[in-house]
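Asks: Residue numbers (the UniProt record's numbering): 1 to 303. Even glycine gets a Cβ: it sits at the ideal position worked out from N, Cα and C.
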Amino acid sequence: MIIGGGPAGFSSAIYAARANLDMLLLEDKILGGQVRNSYTIENYPGFKKVSGSELADIMQDQAESLGAKIDEFDVIERVEFSGEELIVETGDYIYKPEAVIIATGASPKKLPIPNEEKFSGKGVHYCAVCDGAMYQDKVVAVVGGGNSALEEAEFLTKFASKVYIIRRYDYFKGEKAMLEAVENNPKIEILYNEDLVNVEGSNFVEKAIIRNTKDNTEREIDLEAVFGYIGTEPKTELFKDYIKTTKTGYIVTDENMRTNVKGVFAAGDVREKEFRQITTAVADGTIASLAAEKYIVEKRRDK
């Protein structure tokens, strides 16, 4: 069983299907993971440029064409990874797979501001592809310093009249080519050494309060939305009673994607590692599936 339908999950499914394993991929939301929310991808081998939704569809189609069974919008209610059996329970079924690959990925971290919950969906967002069109000819801001922040700022210029990037440091962690594109976009203004303190408004966001990280002075910016890209949090709540994780919740594995529980593997952004890219997620999924197949074969042989 593969839990999670992003690049790591799809890669695992492709290899499991090719190995003729009896397999099922469960995804509680829309298939594709975070990739589906990427407007343009230019760093995946074989594609000079491809949209995230298109790449996700291609991966799904390839997996299904090989015989992979995929169940979308199927929520797992509980798991039990103790004793001899692995148990995965949904609303309709109780599964007892021989091996499990956890590929649940990660979700965006919420902005640490007092009014985050109040204005969630009303000017506070985490997906420009999903919500950017709401702000045609409006002023918006992106908060963050990595590739995601740069990419989404560039995407938002398709709709917004102006896009601020609020960056608490004087540098970015993103790719040089992406940063150059952003710096040369006349619709984008980068606010270095500034931190988002809060957003305010009546029913919807009307302004942002930012603080200079060098002299602590605060000022207001009139805008109608902020999009947060300050990192991700792993989706590991289901597994925390059984699987070893880091303090921040990422699953600890060895180089073959094995967790501390026999027969349970982890792949992709949910796993503790230095780099989280589509290519690394796909590589993890490949290794996890091959390792799971080997585990199943050896387990059956020993019986």
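#1: Looking at C-beta atoms only, is the number of pairs between the stretch 103-113 and the stretch 256-274 that lie closer than 8 Å three or more?
#2: Have a look at the DSSP bridge pairing and note the partners of G228.
#3: Between D254 and chain D, is the shortest Cβ-Cβ distance under 8 Å, so that the two count as touching?
#4: Can you give the Cα-Cα distance for P97 and E233, rounded to whole angstroms?
#5: I'd like the list of long-range same chain contacts for Y295, defined as Cβ closer than 7 Å, with 5 residues on each side in sequence excluded.
#6: Going by alpha carbons, who is nearest to Y39 out of A153, E224, R271, G6?
#7: According to the Cβ coordinates, are I76 and T90 closer than 8 Å?
#8: Going by other Cβ atoms of all chains shown within 10 Å of its Cβ, with 16 needed for buried, is P186 buried or exposed?
#9: Are the stretch 233-247 and the stretch 77-85 touching, with three or more C-beta to C-beta distances below 8 Å?
#10: Can you tell which of L179, Q60, E220, G46 has the C-alpha that lies nearest to the C-alpha of L26?
#11: Within 10 Å of its beta-carbon, does K235 have 16 or more other beta-carbons around it, so buried, or fewer, so exposed?
#12: Is it true that the CB of L179 sits closer than 8 Å to the CB of L150?
#13: Could you spell out where the beta strand (DSSP E) holding P7 opens and where it closes?
#14: Distance, Cα to Cα, I165 vs A16?
#15: Would you tell me roughly how many angstroms separate the C-alpha atoms of I94 and V50, rounded to the nearest one?
#16: Closest by CA to E189, which one among F159, Y229, V140, K176?
#17: K122: which of P108, N203, S148, G9 sits nearest, CA to CA?
Replies: Working from what's here:
#1: yes
#2: Position 228 of the sequence shown, counted from the first residue, corresponds to residue 228. In DSSP, G228 forms a bridge with V143.
#3: Looking at the structure shown, chain D is missing, and only one protein chain is on hand.
#4: The sequence position of residue 97 within the sequence shown is 97, counting from 1. The sequence position of residue 233 within the sequence shown is 233, counting from 1. E233 has its alpha-carbon roughly 27 Å from the corresponding atom of P97.
#5: Here residue 295 refers to the residue found at position 295 of the sequence shown. A99, G263.
#6: Sequence index remark: in the sequence shown, residue 39 carries index 39 (1-based). Nearest Cα to Y39 within the set A153, E224, R271, G6: A153.
#7: As a working note, residue 76 is residue 76 in the sequence shown. As a working note, residue 90 is residue 90 in the sequence shown. Contact: yes.
#8: Indexing the sequence shown from 1 puts residue 186 at position 186. When all chains shown are included, P186 counts as exposed.
#9: Counting Cβ pairs under 8 Å, three or more are found: they touch.
#10: Position 26 of the sequence shown, counted from the first residue, corresponds to residue 26. It is Q60.
#11: On the sequence shown, residue 235 is found 235 positions in, with the first residue counted as 1. By the neighbour-count rule (16 or more Cβ atoms within 10 Å), K235 is buried.
#12: The residue labelled residue 150 in the question sits at position 150 within the sequence shown. The residue labelled residue 179 in the question sits at position 179 within the sequence shown. Yes, the Cβ-Cβ distance between L150 and L179 is below 8 Å.
#13: Counted from its first residue, the sequence shown places residue 7 at position 7. Premise fails: P7 lies in the alpha helix (DSSP H), 7-18, not in any beta strand (DSSP E).
#14: Within the sequence shown, residue 165 is the residue found at index 165, counting from 1. Within the sequence shown, residue 16 is the residue found at index 16, counting from 1. Straight-line Cα distance between these residues: approximately 42 Å.
#15: Reading the sequence shown from its first residue, position 94 is the one you call residue 94. Reading the sequence shown from its first residue, position 50 is the one you call residue 50. The alpha-carbon atoms of I94 and V50 are separated by roughly 38 Å.
#16: In the sequence shown, counting from the first residue as 1, residue 189 sits at position 189. The candidate whose alpha carbon is nearest that of E189 is V140.
#17: Here residue 122 is taken as the residue at index 122 of the sequence shown, counted from 1. Minimum Cα distance to K122 is reached at N203.
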